[in-house]
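My numbering puts the first residue of the sequence shown at 204, with every later residue one more than the last.
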Amino acid sequence: MKKLLFFSISAFIIGILVVLMGGKMMHKTSTSEYCASCHDIHPQATTSWKQSIHYDTKSGVRTGCVDCHLPPKGEGYMVAKVKTGARDIWSKWTRDPKSFDWEARSLLENAKAHVYNRSCEHCHETIFPASLSKEGEDAHLYYSQNAADKDLQCINCHLNAGHYMEGYSSKGNDFLSLNTNIQKEIFLAPTPVHQFVSFEEKIPGSGVSFNMKAIPGGEFKMGSPPSEPFREKDEGPQQQVRISPFFMAEVEVTWDEYLEFYRQTSAEGRSTDTEGLRSATAGEVDAIVGATPPYGQPDQNWGMGRRPAITMRFHAAETYCKWLSKVTGKHYRLPTEAEWEYACRAQTQTPYFFVGEPKKFKRSGFWSIFAGNDTTTINSYVIYNENSPGKTQEPDLVMANPFGLKNMLGNVAEFCSDWYQPDTYQQYSGSATADPKGPEQGTERVIRGGSFRDDAGKVRCASRAHTQQTAWMKTDPQMPKSIWWYSDCRNVGFRVVCEFDENTGNKP
């Protein structure tokens, strides 16, 4: 009996010690200092945290690593702690610190996997404080009404709350102040064009210009053959298509170009987009009303200048073309899908306009690891997921295709004027179809070329995709939602074409 009592008391004491020691270990391994000891592979995490609004707060309450990167206790805290800890320890033991790209890991797409809305709400017991702005009230009301949607996360608007990001703003801003273009010369007139040769277009009233390439007419097979790797069903059947001559921009519309459109046409102070929609749909080109101010920071803090303009909706791209036509006296528009693929291929019929097999350009995936794939060639022409740091790049990083066009593949996907249908090519005739414009109606528009987020299979000449108007506007809290800006699409831009007509010279 005494032995049983002894062992019972001993077990009880040991249990108490285990609990106490476990509690101390739990506390010790949950401190920000302990987190930093493992995260020395990317010290930027600690540095940027100490510069953030969560570190030096007005209330004096300091928010630590686990307060954001783990759910509240009792809501899966231990499970998440074990998973996160195991991952971080493994990274510390196996990863080369020089290989870690903190900037890329800080992007919204990556950050969303490591922050919990429940943790934000645990500290911020009310999301409607007295100091909240009208824009903030609208956003928080929208969030509270759609809290069940997992795509809506606090860091969609507050990405810089836990880690300082220089220049980042989640609030509505003076968009024009973001323009870093220094205008050394103001152009008084557009470039006159009297023959079918490449030219440099000048935007009157600005110091902004861009190159237009003369794309000769011809015939080609649109789509891809059944044998092409990574081919999708909507890429066929292949059809013979005849294209008339036209001009196409050397690069995608840059921020410098788009900001000039915004400067000359924007209606600062309008509370809704209805005026712009009414003007554009009525075809009042002489009274073009440009975009309302963006709700957040449309360049994602990646930089502007010659990077491709992003987060514009199709309506914004079309309105830009109307404005450009007005100020230059030429006929600018978005390319048709057939024109886009013809210009991209540049008289080639292979998966890319350069030599190479799609499967050889994939570095991710089980078999690719052992295949010894070489991406040197594709890296010279395409910004895609294997060589991009998870964001757009300036166009001069890649070489042009045989027509002199850069970034036709990769960097950002590009709007085409066509409605998207998966069976579009089946509707074309067996003979060479002249300048097809796609289906007469639809709900989504074609986008082409793939982007910095896509793998080698998605940046082929024939690869097709389409807009996702509902998914790409989920986190826009405005009512009605903006007709100008996507809230959830950062990898689509556009490129302009100019018709070869009476305004640009006589056709041959």
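We put the beta carbon where it would ideally sit given N, CA and C, even for glycine. Please read all numbers here as calculations on a predicted model, not as lab measurements.
- Rounded to the nearest whole angstrom, the CA to CA distance from Tyr523 to Glu324 is 41 Å.
- Annotation: Ser654 to Ala333 spans about 42 Å, alpha carbon to alpha carbon.
- By DSSP's assignment, Met515 forms a beta bridge with Trp688.
- Of Ile292, His257, Asp638 and Asn588, the smallest CA-CA separation from Ala239 is found for Ile292.
- Under the three-state reduction of DSSP output, Phe331 falls in the coil class, being neither helix nor strand.
- Between the alpha carbons of Thr673 and Arg516 lies a distance of about 12 Å.
- Taking Gln671 as the centre and dropping the five residues before and after it, the same chain places the C-beta of Glu647 and Cys692 closer than 8 Å to its C-beta, in chain order.
- Between the beta-carbon of Trp688 and that of Tyr461 there is about 12 Å, and that puts the pair past the 8 Å contact cut.
- In summary, Lys286 is exposed, with fewer than 16 beta-carbon neighbours lying within 10 Å of its beta-carbon over all protein chains present.
- A straight-line Cα-Cα distance of about 41 Å links Ser412 and Gly633.
- In the structure shown, the three-state DSSP call for Trp622 is strand.
- The C-alpha of Lys424 is placed about 12 Å away from the C-alpha of Ala546.
- Secondary structure of Asn576 (DSSP, three-state): coil.
- With respect to Arg290, Glu455 sits apart: the two C-beta atoms are not nearer than 7 Å.
- Looking at the backbone, the Cα of His327 and that of Glu702 are separated by about 55 Å.
- When His534, Ile686 and Ala342 are compared, the shortest CA-CA separation from Thr707 is found for His534.
- Proximity to Asp341 across Glu236, Lys684, Pro592 and Ser528 peaks at Lys684, based on C-alpha coordinates.
- Contact between Gln624 and Gly645 holds: CB atoms are separated by about 6 Å, below the 8 Å threshold.
- Apart from sequence neighbours up to five positions away, the residues of its chain that approach Ala283 with a beta-carbon distance below 6 Å are Leu273 and Pro274, ordered along the chain.
- In this structure, Gly660 is the residue among Gly660, Thr627 and Trp505 with its C-alpha nearest to the C-alpha of Pro554.
- Per DSSP, Ser240 lies in no beta strand (DSSP E); the unbroken alpha helix (DSSP H) holding it starts and ends at Ser235 to Cys241.
- Taking 7 Å as the cut-off, the beta carbon of Tyr628 is found closer than this to the beta carbon of Pro440.
- Annotation for Lys284: no beta strand (DSSP E) segment contains it, though the alpha helix (DSSP H) segment containing it runs Tyr280 to Thr297.
- Here Gly365 is not near Glu388, since their CB atoms are 7 Å or more apart.
- Phe390 sits away from Pro448, with the two beta carbons spaced by 7 Å or more.
- Distance from the CA atom of Val396 to the CA atom of Leu527, rounded to whole angstroms, is 15 Å.
- Taking C-beta atoms under 8 Å as the contact rule, Asp657 and Asn588 qualify, at a distance of about 6 Å.
- With contacts defined as CB atoms closer than 7 Å, Gly613 and Ile650 fail to qualify as a contacting pair.
- Rounded to whole angstroms, Gly696 and Asp621 show a C-alpha spacing of 15 Å.
- Just so you know, the alpha carbons of Ala512 and Pro407 end up roughly 20 Å apart.
- For Asn414, there is no enclosing alpha helix (DSSP H); the enclosing beta strand (DSSP E) covers residues Ser412 to Ile418.
- Our two residues, Ser347 and Met682, have alpha carbons roughly 15 Å apart in a direct line.
- If the five residues before and after Pro428 are omitted, its C-beta is found closer than 7 Å to the C-beta atoms of Gln441, all from its own chain and listed in chain order.
- DSSP places Gln442 in the strand class (E or B) of the three-state scheme.
- Distance from the Cα of Glu463 is smallest, within the candidate group Lys609, Ala494, Gln550 and Ile446, for Ala494.
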